[in-house]
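First the structure, in the form of structure tokens, and then the observations on it.
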Amino acid sequence: MSNEINKIYDPVEIDADFFAENEDEQERFYSIVKTLPDLVLDVLFGLDTPKILEGIARNFGLQPEQSAILSRLVRKVLIGDFYIGDFPSKISSGLDVDQDKAREIAKATASDLFIDAVADIKRIHLQKFPNASLEKQPEDTKGQQHGVKNLSETGGNIIDLRSRN
Amino acid sequence: MSKTNLRKNVLKIVLISLVLFAFFVPQHTNADLIDISSSVFDTGVAWANARVLEGMGNIISWSALMLEQFIKPDVQEYILNYSVVEESWTIIRNFVNMFFILFLIIIAFGTIFGIEKYYWRNTIMPFLAAALLVNFSLAIGKFVIQIGNSLAAMVLVWIQQSGANISTNLGSGLGLGSYFKDPGIGALASIAGGGAQTLVTLVFSAVFLTITLFALLSALIFAIARIPVLWAILILSPIAFVSYALPSLQHIWKKWWSYLISWSFFLPTYLFFLMFSIFFISQKGKVGTPQPTGIAEALVGPGSAVGDLLFFILTILFLVGGLLASFKVGSLAGSGVNKTFSAIQGGIKRGTRRITGYDTAAAGVREGLQGRIDEISEKGLAGIGGAQRARISQAKWAESFGFGTKRGAADEARQKEIEKEFSKLKTLNLDKTGLEQRLSSTKGIDKMAALRLKAEQGWLNTKDLDQIKEAIQSLGGGKTIAGVSFINSLKKGGFKDITKSTVEKEALFNSLSGPEFIELQKALGSDMAKKKEIIKPEMAKKVIGLYENDSAEAKKEIMDAIKNNLGNIYADKGAREKFLVDTTDASNTELRRLLAEKMVEDDEIDSYKKYHAAQELFSGDPQKITDMRNKIAKENPIVAAEVETRSNMSATKPGIINPDYVLEEADQKAIADTDTIKKAVGKASAKQLGQSNKDTWKEDWFKIALWKKADSLQKVDPHKSAAGKRRRIPGGGERFLQSLKKSVGENTDKIPVLNELLQSFDESTGAFNPLPPTP
Numbered sequence: 001m002s003n004e005i006n007k008i009y010d011p012v013e014i015d016a017d018f019f020a021e022n023e024d025e026q027e028r029f030y031s032i033v034k035t036l037p038d039l040v041l042d043v044l045f046g047l048d049t050p051k052i053l054e055g056i057a058r059n060f061g062l063q064p065e066q067s068a069i070l071s072r073l074v075r076k077v078l079i080g081d082f083y084i085g086d087f088p089s090k091i092s093s094g095l096d097v098d099q100d101k102a103r104e105i106a107k108a109t110a111s112d113l114f115i116d117a118v119a120d121i122k123r124i125h126l127q128k129f130p131n132a133s134l135e136k137q138p139e140d141t142k143g144q145q146h147g148v149k150n151l152s153e154t155g156g157n158i159i160d161l162r163s164r165n
Numbered sequence: 001m002s003k004t005n006l007r008k009n010v011l012k013i014v015l016i017s018l019v020l021f022a023f024f025v026p027q028h029t030n031a032d033l034i035d036i037s038s039s040v041f042d043t044g045v046a047w048a049n050a051r052v053l054e055g056m057g058n059i060i061s062w063s064a065l066m067l068e069q070f071i072k073p074d075v076q077e078y079i080l081n082y083s084v085v086e087e088s089w090t091i092i093r094n095f096v097n098m099f100f101i102l103f104l105i106i107i108a109f110g111t112i113f114g115i116e117k118y119y120w121r122n123t124i125m126p127f128l129a130a131a132l133l134v135n136f137s138l139a140i141g142k143f144v145i146q147i148g149n150s151l152a153a154m155v156l157v158w159i160q161q162s163g164a165n166i167s168t169n170l171g172s173g174l175g176l177g178s179y180f181k182d183p184g185i186g187a188l189a190s191i192a193g194g195g196a197q198t199l200v201t202l203v204f205s206a207v208f209l210t211i212t213l214f215a216l217l218s219a220l221i222f223a224i225a226r227i228p229v230l231w232a233i234l235i236l237s238p239i240a241f242v243s244y245a246l247p248s249l250q251h252i253w254k255k256w257w258s259y260l261i262s263w264s265f266f267l268p269t270y271l272f273f274l275m276f277s278i279f280f281i282s283q284k285g286k287v288g289t290p291q292p293t294g295i296a297e298a299l300v301g302p303g304s305a306v307g308d309l310l311f312f313i314l315t316i317l318f319l320v321g322g323l324l325a326s327f328k329v330g331s332l333a334g335s336g337v338n339k340t341f342s343a344i345q346g347g348i349k350r351g352t353r354r355i356t357g358y359d360t361a362a363a364g365v366r367e368g369l370q371g372r373i374d375e376i377s378e379k380g381l382a383g384i385g386g387a388q389r390a391r392i393s394q395a396k397w398a399e400s401f402g403f404g405t406k407r408g409a410a411d412e413a414r415q416k417e418i419e420k421e422f423s424k425l426k427t428l429n430l431d432k433t434g435l436e437q438r439l440s441s442t443k444g445i446d447k448m449a450a451l452r453l454k455a456e457q458g459w460l461n462t463k464d465l466d467q468i469k470e471a472i473q474s475l476g477g478g479k480t481i482a483g484v485s486f487i488n489s490l491k492k493g494g495f496k497d498i499t500k501s502t503v504e505k506e507a508l509f510n511s512l513s514g515p516e517f518i519e520l521q522k523a524l525g526s527d528m529a530k531k532k533e534i535i536k537p538e539m540a541k542k543v544i545g546l547y548e549n550d551s552a553e554a555k556k557e558i559m560d561a562i563k564n565n566l567g568n569i570y571a572d573k574g575a576r577e578k579f580l581v582d583t584t585d586a587s588n589t590e591l592r593r594l595l596a597e598k599m600v601e602d603d604e605i606d607s608y609k610k611y612h613a614a615q616e617l618f619s620g621d622p623q624k625i626t627d628m629r630n631k632i633a634k635e636n637p638i639v640a641a642e643v644e645t646r647s648n649m650s651a652t653k654p655g656i657i658n659p660d661y662v663l664e665e666a667d668q669k670a671i672a673d674t675d676t677i678k679k680a681v682g683k684a685s686a687k688q689l690g691q692s693n694k695d696t697w698k699e700d701w702f703k704i705a706l707w708k709k710a711d712s713l714q715k716v717d718p719h720k721s722a723a724g725k726r727r728r729i730p731g732g733g734e735r736f737l738q739s740l741k742k743s744v745g746e747n748t749d750k751i752p753v754l755n756e757l758l759q760s761f762d763e764s765t766g767a768f769n770p771l772p773p774t775p
């Protein structure tokens, strides 16, 4: 990262200081990183990732603080810290935006950033949240678009990566 | 039998023998030789007899004459009204009038104190009577004297009515002027007959005349002395009357009356008895002096020697007895006056009580005042009197003289009184202003109690400083029971607002000099320590010094308190370290020890140098050293490892124990290579290592150990090179150094070492190059 401003759009660099100060967290993160598929790593450490997130932020008129939180949420989704189905609600609460806007941001993030790593992300989440995926299954079958299901709890704004394959 | 009694008895026998010889020896003998010598003897004795008795008779006559002159009413009247007496009386009266104001104050105090004797009910009437009558004291005194003089004049009239004046009567009655003028003439001489009889007459006459003379002279002397005495009594009469106002002075009043009556009535009493004497003597002539015809007739018949003797004896008895009786009557009269006046006084008091008893208004006031009176009688007024003070004073004396009283009894008594007042005061629930007012209006125990309460409430202010000092001094310092209690109250109140700033408080602390203030200093110092107000090492040292001889418990308490101030005294870590390792001033040792304890507690023993200094300070307490090492092992594992390593190496290199020992390169490497160090550095987080003391960072062995750790981590978790759209992912060693960098922050002592480590990383190979050798 060339400067501090761009740092807020980088899912790893955003918490570089935090990791440097909290070695345990850093080690936990890097221990997960070591297990992640390359496609996910390409998103997480991707050279274009900051640019994509910056674009989303700009599109949705996010403040730098909101952008930083979005970057952090992206990292957490990629390493499976929380279930991707909760992404819109996390965005809503984290960025302090309404549900509709949160769903739009989540949808944009998924389509612009996660698109190449969807299958790997799906696998990671299936492994980490098997119960969650089962619970969400009936709703996942509702309305499929372009071979990708919209998750009901997200109001159809979130692509159901699990039904893609 | 004693010699004196024997002598008296011999004298009696000789006198009786002489009398019997004179009366019973034969009056006529037939021996011519004896007749011639007897005649010569008779003539000589008779002549001597006449001269002696005539001379004594004249003296008696003159005495009687003078007495008569002195007791004449007109002379007495003149003496009584002598102008000097009145002028002197006026001066005395004017002077004593001033005392009534004083007496009024005394009565007021007596009433306030509730002293029955001086209570206004009992004193106001005598006071008013005295105030009124003092102006008539001269007239009253004169009146009494005039009564005595009138009686005397009356008796004199009786004497004069009997036909002659005193001197004439006494002189003629006793035959003093003429009876002995012609030897051989006279009752006794004719009875006894001859020189022997004359000798007996001479002896008896001399005895009787001497007694008579004594009686008359005594009367005369007293009559003369009576004049200045009565003057003095009259002049001093205002004092006597003023004395009636106060119970404790009434003895003066009584005595005055006793003197007045005695000296006034002495004269008439004596004259009364003198009158009897004169009556007897004047009646002697009427009995007649017939010539005796026989021995029996000569002895006991009318005009006989025995008859004459009886006249003499009776006359003398009246003269002397009268004199004695006059004195007795005088004093009895005085005593009677006392009784009379006591009765009058009692009547006045009873009357006053009756009046006040029925006076409901007065009763109301009395009840209202009773509480205050009780209080004042307990505590006294204006620092005077009071049962409270008496109790303390009693205890003091008992203690001073060791009347079976334990040491400190006075102190204990005082404390008891203060405690009593303090408890009472607390129940009043006074506010700050109320207590302030009470404090300014009271004295002694009350003031002490008020000040204590103020202290305990934390209401003391800068103005109270002097009062506090005075209180401590008056309580005998801070070690007495009362002193301790007072200081405890100060502690309880926390010396709040006693000074405006910590600096002022420190100045106050330093101003307290003298042994009596040691406890106060300790309390203040302790308070400051507990409030973390000690900001100078000198102050801390002084406070520690004050507790030098105290119990271990007290010492620990103050040490713990002082310990909490060390952060103020040595605000930054560097200052603390500097003081800890500075061994130049031995007086700092105690404070350094305390600082070492504090630093151990605060995990500040983060270098071998500090550890070594602390260890030296704890040298007498192995447990403390063990505890310190355990604590360091937990919180500063690198220091603990260094301690262990140096300790282990000291077997071969004793000097290595010394923190100032300069480690050679080989030593540095050897230390870094020890398992202890490797393990400690390996286990320590980047944060812990980054925050290790700069002294540790300066050591090469530490740098080497850090490099080894980074290298090891990098090897275990190598980096991932950049690929495609993905940037490079750092390895474990790199991340460790990043964390270390974060931990080191801007510390200029550590950054060069860190940079050296960072520079040793080769990004192209993703591995750490060996560190360059130390220059």
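One line per chain: the protein sequences are C and L, in this order.
Take 1 as the starting number for the first sequence in this note's numbering and just add one per residue.
Take 1 as the starting number for the second sequence in this note's numbering and just add one per residue.
Yeah, the Cβ is synthetic: ideal placement off N, Cα and C, and Gly gets one too.
Consider the Cβ of residue i: report whether some Cβ of chain C lies at a distance smaller than 7 Å.
i: glutamine 738 (chain L); result: yes
i: isoleucine 638 (chain L); result: no
i: isoleucine 729 (chain L); result: yes
i: lysine 742 (chain L); result: yes
i: phenylalanine 768 (chain L); result: no
Strictly by DSSP, which residues pair up with residue i?
i: isoleucine 768 (chain L); result: Looking at the sequence shown, residue 768 (chain L) is not isoleucine but phenylalanine. L:Phe761, per the DSSP bridge assignment.
i: glycine 322 (chain L); result: According to DSSP, glycine 322 (chain L) bridges with nothing at all.
i: isoleucine 729 (chain L); result: L:Lys720
Determine the burial state of residue i: buried for a count of at least 16 other Cβ atoms within 10 Å of its Cβ, exposed for fewer.
i: tryptophan 47 (chain L); result: exposed
i: glutamate 642 (chain L); result: buried
i: histidine 821 (chain L); result: Residue coverage of chain L in this structure runs from 1 to 775, which leaves residue 821 (chain L) outside it and unanswerable.
i: glycine 733 (chain L); result: buried
i: glycine 444 (chain L); result: buried
i: tyrosine 570 (chain L); result: buried
i: proline 622 (chain L); result: exposed
i: leucine 47 (chain C); result: exposed
i: glycine 61 (chain C); result: exposed
i: proline 26 (chain L); result: Note on proline 26 (chain L): pLDDT 44, under 50, position unreliable in the model; no value is reported.
i: glycine 351 (chain L); result: With a pLDDT of 49 at glycine 351 (chain L), under the threshold of 50, the predicted position of this residue should be treated as unreliable, and no value is reported.
i: methionine 545 (chain L); result: A quick correction: the sequence has glycine, not methionine, at residue 545 (chain L). Exposed, because fewer than 16 other Cβ atoms sit within 10 Å of the Cβ of glycine 545 (chain L).
i: lysine 522 (chain L); result: buried
Given a cut-off of 7 Å, decide if residue j and residue i are closer than it, judged by their beta-carbon atoms.
i: serine 607 (chain L); j: glycine 690 (chain L); result: no
i: lysine 519 (chain L); j: lysine 479 (chain L); result: The displayed chain sequence assigns glutamate, not lysine, to residue 519 (chain L). Yes, the pair counts as a contact, with Cβ atoms nearer than the cut-off.
i: serine 423 (chain L); j: alanine 455 (chain L); result: no
i: glycine 94 (chain C); j: lysine 128 (chain C); result: no
i: serine 685 (chain L); j: glutamate 23 (chain C); result: yes
i: methionine 528 (chain L); j: isoleucine 534 (chain L); result: yes
i: threonine 212 (chain L); j: isoleucine 60 (chain L); result: yes
i: isoleucine 481 (chain L); j: glutamate 590 (chain L); result: no
i: isoleucine 704 (chain L); j: alanine 672 (chain L); result: yes
Using a C-beta cutoff of 7 Å, does residue i count as contacting chain L?
i: glutamate 21 (chain C); result: yes
i: aspartate 15 (chain C); result: no
i: phenylalanine 45 (chain C); result: yes
i: leucine 41 (chain C); result: yes
i: aspartate 10 (chain C); result: no
i: asparagine 6 (chain C); result: no
Near-chain L residues of the segment 107–120 of chain C - C-beta to any C-beta below 8 Å
none
Residues within the segment 679–691 of chain L neighbouring chain C, beta-carbon criterion of under 9 Å:
Ser685, Ala686, Lys687
Taking a Cβ distance cut-off of 9 Å, strictly less, list which residues of the segment 706–726 of chain L are near chain C, in chain order.
Asp717, Lys720, Ala722, Ala723, Gly724, Lys725, Arg726
Contact residues within the segment 51–84 of chain C, judged by C-beta distance below 7 Å to chain L
none
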